[in-house]
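Remarks on the structure that follows.
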Amino acid sequence: ADSPSPQEHGLDFQRLLDASAYKEMFRQDMIRWGEEKRHTDPGFFCRAAVEGALQPVWVSFGECTGHWGQRAGADGAPMQVVSDTRRLSDVEWFRDVYGDVVQTVRVVATEETRKRRNWVFVTGVDDAESECGLDQGVAFDWVITNDGDKVALGEQLEMLLQSLHRSL
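Going by our numbering, the first residue of the sequence shown is number 64, and it counts up by one from there.
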């Protein structure tokens with residue numbers, strides 16, 4: 064099977080995970096490559112997210128601990144958290160495969176906050192589908208505001224966690 068390995072393209076995977084100039088040098092090529100993959104197989108990256116996880120993406124809820132973020136719900140069904148979906152087709156894939164148990168969470172920050180965090184708008188990158196593909200067409204179950212108020216962020220996350228815990 065074809066895998067989304069940056070190493071196959073001679074890239075340093077660890078350096079692609081940070082907000083460095085190295086990542087920015089390859090961002091448009093990575094976006095283009097990803098779009099080609101999605102065009103031929105819309106579920107390519109979604110399947111990779113649920114099948115190829117190298118580490119847990121969720122911490123335990125007491126007794127409900129499982130492998131790779133899987134939690135046995137009240138009906139015995141696993142729960143998985145997949146972060147950073149970027150396109151409507153990704154959300155649709157998860158909803159088609161997992162149905163009504165899918166919960167969507169959007170994290171937002173004002174442009175002012177993002178600039179304080181050294182974000183700079185780059186035409187062709189920040190207006191591409193990979194960055195704004197979920198700005199329309201998705202009714203998110205949760206919207207979390209992350210503008211630097213740690214107390215407010217904590218309260219929002221606690222409400223989300225309590226809701227998820229109740230659904231287990």
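Glycine residues also receive a C-beta, built at the ideal position from the N, C-alpha and C atoms.
In terms of Cβ geometry, residue 193 and residue 97 form a close pair [threshold 8 Å]. The C-alpha of residue 167 is placed about 8 Å away from the C-alpha of residue 202. By the beta-carbon neighbour count (other beta carbons within 10 angstroms, threshold 16), residue 153 is buried. Secondary structure note for residue 208: its beta strand (DSSP E) is the uninterrupted segment 205-208. For residue 150, there is no enclosing alpha helix (DSSP H), as DSSP marks it with neither H nor E.
Here DSSP, grouped into helix, strand and coil, assigns residue 214 to helix.
Residue pairing for residue 196: DSSP places it in a beta bridge opposite 150. Looking at the DSSP output, residue 169 bridges to 206.
Under the three-state reduction of DSSP output, residue 82 falls in the coil class, being neither helix nor strand. Residue range 107-114 is occupied by the alpha helix (DSSP H) that includes residue 112. The count of Cβ pairs closer than 8 Å, one atom from the region 210-230 and one from the region 145-162, stays below three, leaving the stretches out of contact. A residue is called buried once 16 or more other Cβ atoms fall within 10 Å of its Cβ, and residue 195, having fewer, is exposed. Counting the other Cβ atoms within 10 Å of the Cβ of residue 84 gives fewer than 16, which makes it exposed. The shortest CA-to-CA distance from residue 114 to any of 95, 144, 87, 187 is the one to 144.
For residue 109, the closest C-alpha among the options 191, 158, 228 is that of 158.
Each residue's CA atom was taken as its position, placing residue 162 and residue 89 some 35 Å apart.
For residue 160, the secondary structure class from DSSP, reduced to helix, strand or coil, is helix.
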